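Just so you know, the sequences run in chain order Y and V. So the first sequence is numbered by this note's numbering: it starts at 4 and just counts up by one. So the second sequence is numbered by this note's numbering: it starts at 32 and just counts up by one. Notes to accompany the following structure.
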Amino acid sequence: MEQQQIFEIIVNNTKELLPELESHNFSQSDSLRDLGANSVDRSELIMMTLEEMDANIPMAQMAKANNIGELAQIMFEQQA
Amino acid sequence: MSFDPVCITGVGITTGNGQGKEAVMSALYNAEHRFGYMQRPGRQLPSLQAQGPAEGFIGSEIQELVMPAAISSQLLRNTSFTAQVALATLSEAWDEANLAEVDPSRIGLIIGGSNVQQRDQTLAKDRLVGKERFVRPTHAMSFMDTDIAGLCSEAFGIKGFAYSLGGASASGQLAVIKAKQAVDSGLVDVCIAVGALMDLSYWECQSLRSLGAMGSTLFSDNPELACRPFDTRHDGFIYGESCAAIVVERVKSISRQLPAPKIYISGVGLCSDGNRQPHPSLEGEVTGIQQAMAQAQLTASDINYVNPHGSGSVIGDEVEVAALNECGLTDAHINTTKSIVGHGLSAAGAVEIAVTVEQMKRNKLHPSRNLVAPIDGTLPWVVDSAAEVEINNAMSLSLGFGGINTAICLSKT
């Protein structure tokens with residue numbers, strides 16, 4: 004799956020989890036934490052995204068991401 | 032009446048018949064039911080889905096749940112149907128008791144029921160067959176019933192305590208009993224007991240049918256006739272989605288303005304049969320009733336209304352009628368709420384206390400559906416139409432698998 008496609012899945016899932024962000028203009032540098040996603044939201048978002056990608060990536064790998072762009076990059080690089 | 036009485040200051044009810052006290056009581060007085068083949072996803076055997084609902088389990092389902100505006104959509108994320116119904120029902124009781132004016136640290140919450148979110152979990156597991164590694168992290172929170180207590184405590188800012196309590200089909204009444212004891216002891220001033228909606232999946236429905244607890248075989252082609260507690264043609268309980276919330280408080284600690292009339296919890300009984308069986312025990316039921324009457328300092332002749340457990344199981348109904356006779360509760364008016372609402376399992380005890388309170392306030396008893404030939408014709412059943420009756424003291428019973436017997440006396444003075 005392309006990195007841009009993964010980014011879009013993350014954005015859509017973030018909107019599903021946090022409906023107040025429906026009209027937010029997402030950028031690569033957006034931090035999930037700053038957007039209002041707590042640690043439970045973030046783990047939920049990652050699992051929703053991995054399911055859509057059908058990818059098997061250890062959760063610990065994603066902890067290094069500082070923003071949505073980095074998260075999409077890690078998922079892109081680690082996908083089997 | 033004890034020196035420091037405990038009363039009920041708020042009631043919320045949600046059933047398949049309607050949402051809110053007024054809607055539910057109106058349906059009860061008119062014997063308007065919602066029994067049919069159950070349609071909610073996760074409540075049909077997968078192997079039978081292709082054949083349509085005609086082969087399905089019979090029950091009563093909530094048509095549309097209206098969430099109070101004060102409950103944010105953010106809070107409802109990743110919440111089960113059970114949790115949403117609890118929030119809506121608690122909101123009604125909270126508003127009636129005007130709990131916004133009570134110190135949150137003096138309010139406790141007991142969610143009656145264990146393993147009440149089975150259908151949500153079955154649907155989630157069915158969806159992820161072969162893809163189990165994607166199980167949602169939030170399942171780790173929501174699979175525990177305490178999630179409902181936590182969610183409600185967050186929505187209403189409850190700071191005294193909040194936990195869940197299991198007592199099988201006596202859970203709702205057990206929660207009210209524990210709420211009374213919590214305010215009696217001074218642990219909190221107000222305690223809310225919720226009989227949580229037991230959300231059955233096809234797993235539970237099928238096993239309850241196989242066990243012979245859930246009906247109906249006799250009326251499998253006539254869902255509207257299947258639910259008939261205490262009728263000679265009863266053949267098992269019929270499920271009914273429901274939930275109730277009861278606000279319990281010590282009269283002496285009430286400092287805010289509340290409307291009359293007060294209904295007091297005058298006595299409670301609780302005992303175990305010493306076994307894990309689903310069967311009833313005459314000895315256990317009699318003990319529970321006698322404990323409640325003794326604590327209330329009432330005799331059988333003081334009780335003028337009985338809201339029985341009456342699941343609709345053959346042996347359960349027979350033993351309960353025998354217990355009422357043995358305790359001398361033969362002159363009290365009696366009806367069956369389950370004949371119209373269905374059996375809410377964990378919710379039932381709280382729903383029936385709520386319905387008893389509302390009937391006492393209105394001095395009006397609801398009729399009983401499908402009670403064509405009562406198994407004991409000597410008891411003064413309210414059958415065909417609502418009856419205007421001055422109710423001063425009422426008795427309600429609940430029974431749960433695992434030998435759990437509970438009884439409660441409600442009084443006006």
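Ideal placement from N, C-alpha and C gives every residue a C-beta, glycine not left out. Since the model is a prediction, treat every value here as computed from it, not as a measurement.
- The alpha-carbon of V:Ser-416 is positioned some 56 Å away from that of Y:Glu-54.
- Within chain Y, the residues Met-50, Leu-53, Glu-54 have their CB atoms less than 7 Å from the CB of V:Phe-165, given in chain order.
- Excluding five sequence positions before and after V:His-310, the CB atoms of its chain that fall closer than 7 Å to its own CB belong to Ile-346, given in chain order.
- With contacts defined as CB atoms closer than 9 Å, V:Ser-427 and V:Ile-435 fail to qualify as a contacting pair.
- Think of a sphere of 7 Å around the beta carbon of Y:Glu-80: no beta carbon from chain V falls inside it, the nearest being about 19 Å out.
- Rounded to whole angstroms, the separation of the alpha carbons of V:Ala-124 and V:Met-56 is 15 Å.
- Along the stretch 128 to 157 of chain V, the beta strand (DSSP E) occurs as fully enclosed runs of 3 or more residues at 138 to 143, listed in sequence order.
- By DSSP's assignment, V:Asp-262 forms a beta bridge with V:Pro-405.
- Looking at the backbone, the Cα of V:Pro-254 and that of V:Gly-373 are separated by about 12 Å.
- The Cβ of Y:Ser-46 sits closer than 9 Å to at least one Cβ of chain V.
- Within a 10 Å sphere around the beta-carbon of V:Asp-252 sit fewer than 16 other beta-carbons, which makes this residue exposed.
- Think of a sphere of 9 Å around the beta carbon of Y:Val-14: no beta carbon from chain V falls inside it, the nearest being about 17 Å out.
- In this structure, V:Ala-206 lies near V:Gly-380, with their beta-carbon atoms less than 9 Å apart.
- Contacts with chain V at 9 Å (Cβ-Cβ) do not include Y:Asn-41.
- Interface annotation, V:Thr-169: in contact with chain Y, CB-CB separation under 9 Å.
- Taking a C-beta cut-off of 8 Å against chain Y, the contacting residues of the stretch 84 to 110 of chain V are Ser-104, Gln-105, Arg-108, Asn-109, listed in chain order.
- Contact annotation: Y:Met-78 and Y:Ile-9 have beta-carbon atoms nearer than 9 Å.
- For the C-beta of Y:Pro-22, the chain V residues within less than 9 Å are, from N- to C-terminus, Ser-104, Gln-105, Arg-108.
- Collapsing the DSSP output to three states places V:Ser-342 in coil.
- Contacts between Y:Asn-59 and chain V, judged by CB atoms closer than 8 Å, involve Arg-164 in chain order.
- Annotated three-state conformation of V:Gly-181 is helix, per DSSP.
- With respect to chain Y, the C-beta atom of V:Met-56 has no partner C-beta closer than 9 Å.
- Under the three-state reduction of DSSP output, V:Gln-50 falls in the strand class.
- Spatial neighbours of Y:Asn-59 in its own chain (CB-CB distance under 8 Å, excluding positions within 5 residues in sequence) are listed in chain order as Leu-53, Ala-83.
- Taking a beta-carbon distance threshold of 9 Å, V:Met-175 does not count as an interface residue toward chain Y.
- Per the C-alpha coordinates, the member of V:Gly-271, V:Leu-140, V:Gly-343, V:Lys-156 positioned closest to V:Val-214 is V:Leu-140.
- At least 9 Å separates the beta-carbon of V:Ala-327 from that of V:Thr-361.
- Counting along the chain, the unbroken beta strand (DSSP E) around V:Asn-436 starts and ends at 435 to 442.
- Membership of Y:Phe-79 in the alpha helix (DSSP H) is indicated by the continuous run 71 to 81.
- Judged by their CB atoms, V:Gly-319 and V:Phe-261 are not nearer to each other than the 9 Å cut-off.
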